[in-house]
Amino acid sequence: MYDMKALYEAESVQDAVRLRLEHPEAQIIAGGTDVLVQMREGKRAGKELISIYGIDALRGITLDEAENIRIGSLTSFSHITKDTIIQKYINVLGEAVDQVGGPQIRNAGTIGGNTCNGVTSADSASTLFAWDAIIELTGKDGIRRLPIQEFYLGAGKVDIHPDEIQTAILIPKASYANCFGHYIKYAMRNAMDIVTTGCSVNVVLSEDKQTIARARIAYGVAGPIPTRVPTAEAVAAGKPLTKETADAFAAAVLSDIHPRNSWRASKDFREHIAVEMARRCLMESVKLAGGVMA
C-alpha cells in the first residue's frame, strides 16, 4: 500500500538526530496521519522515513521549575484535550485540537506533527500563536528554542535544521497566567473538515475586571502562515469592557490579515467572517475571565 524506500525507527532523541544526519533526505514521521496519506497519494512515494513514534520521552504535558507548560511533541490531540494541566491553564488549546479530524485522527495525530507541517490551516496553530508558544528543537549541537512566529517561514515551510527534530512546545507562564481564551473554527462541515478560517483570542483583565489589560488574537487561513493581529491587540489594550471596544477590536483585524480566494471561500467572505469571529471570540474570552461586556 505504501511505496517507501526504507523505514528507520529511532529509539531516543539522540538516535533520531543520528538518523537525520545519516539519512538527510528521509522524512520524519510521528503519528503518520499526514505523511502516510501523502505517501498513499504518491506525493512521497519511494521516500525514506524516520519514525520517532516510539520515543516515549516526547510524550506528555508537564510544568517545569518556572511553571512554563511543556507539551511533548508526540503528545496526541486526544491527550492534550483531556490533560488536567491544559484544562486548568489553557483549556482553549484542548478545545481547538479537539476539532481536528475525527476520533481516530485525534488519537494518532500529534501536536508536533501539526506544527511541523507548517500549514496555516492547522487547528492548533492559531491558538499557539495567540499564546506566544515557543518551539523546542533538538539537534547535534543541543537544544534550540524560538518563538513560534519565527518557526513558520512560509506556506508549508518551518525552521528545522537538517539535524534537528522538534521535541516540545512551551507555553511561558507569563503567557497563560490569569489569561482566558476562546477559539472559533469556521468550516463547511461541523466535523472532519479543514478550517476555512480559524480565530483564537485570549485576554487578561484588570484586577477590577473593568478593562482589558491585554488581548491577543491570531488567525489560521488569513495568510500563508498563521497570523497575529497586533493592530487589533493595541486597539483593545486598556479599553473598557463595552460593545464599542469589541466592535473596534473586530474592525481592526482587517489591517493585518491577508486571506486569499480559494475554492473553499472567497477573500471577501473570509474577511467578513474574520471580523465577526474576532468580536465573538473577544466577548467569550472576557466572559470566561469573569468580565461583563456592557
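As numbered in the working numbering, residues 746 to 1039 make up the sequence shown, in order. Virtual Cβ for every residue (Gly too), placed ideally from N, Cα, C.
Reduced DSSP category for Val974 - H, G, I as helix; E, B as strand; rest coil: In the structure shown, Val974 sits in coil (DSSP, three-state: anything other than H, G, I, E or B).
Neighbour-count burial assignment, Gly901, 16 or more Cβ in a 10 Å radius: So Gly901 ends up on the exposed side.
Span separating the alpha-carbon of Thr807 from that of Arg815: Roughly 5 Å between the two C-alpha positions.
Residue interval of the alpha helix (DSSP H) (run including Ile831): Counting along the chain, the alpha helix (DSSP H) containing Ile831 begins and ends at 829-834.
8 Å Cβ shell around Leu764 - same chain, five flanking residues per side excluded: Residues Tyr753, Ala755, Ala771, Ile795 of the same chain have their beta carbon placed closer than 8 Å to that of Leu764, with the five preceding and five following residues left out of the count.
Three-state class that DSSP yields for Tyr921 in the structure shown: Reduced to three states, the DSSP call for Tyr921 is helix.
Spatial neighbours of Gln783 in its chain, beta-carbon cut-off 8 Å, leaving aside the 5 residues before and after: Closer than 8 Å at the Cβ level, and outside the excluded window around Gln783, lie Arg789.
CB of Ala841 within 8 Å of CB of Ser869, strictly: Yes, they are a contact pair.
Coarse secondary structure for Leu819, derived from DSSP in three states: Of the three classes helix, strand and coil, the one that applies to Leu819 here is coil, per DSSP.
As assigned by DSSP and simplified to three states, the class of Pro1004: Under the three-state reduction of DSSP, Pro1004 is assigned to coil, being neither helix nor strand.
Alpha-carbon to alpha-carbon, Asp809 and Asn1006: About 43 Å.
Distance between beta carbons of Val966 and Thr990, contact taken as under 8 Å: With 8 Å as the limit, Thr990 and Val966 do not qualify as a contact, their Cβ atoms being about 26 Å apart.
Counted within 10 angstroms of its Cβ, other Cβ atoms place His1003 as buried (16 or more) or exposed: Counting other Cβ atoms within 10 Å of its Cβ, His1003 stays below 16 and is therefore classed as exposed.
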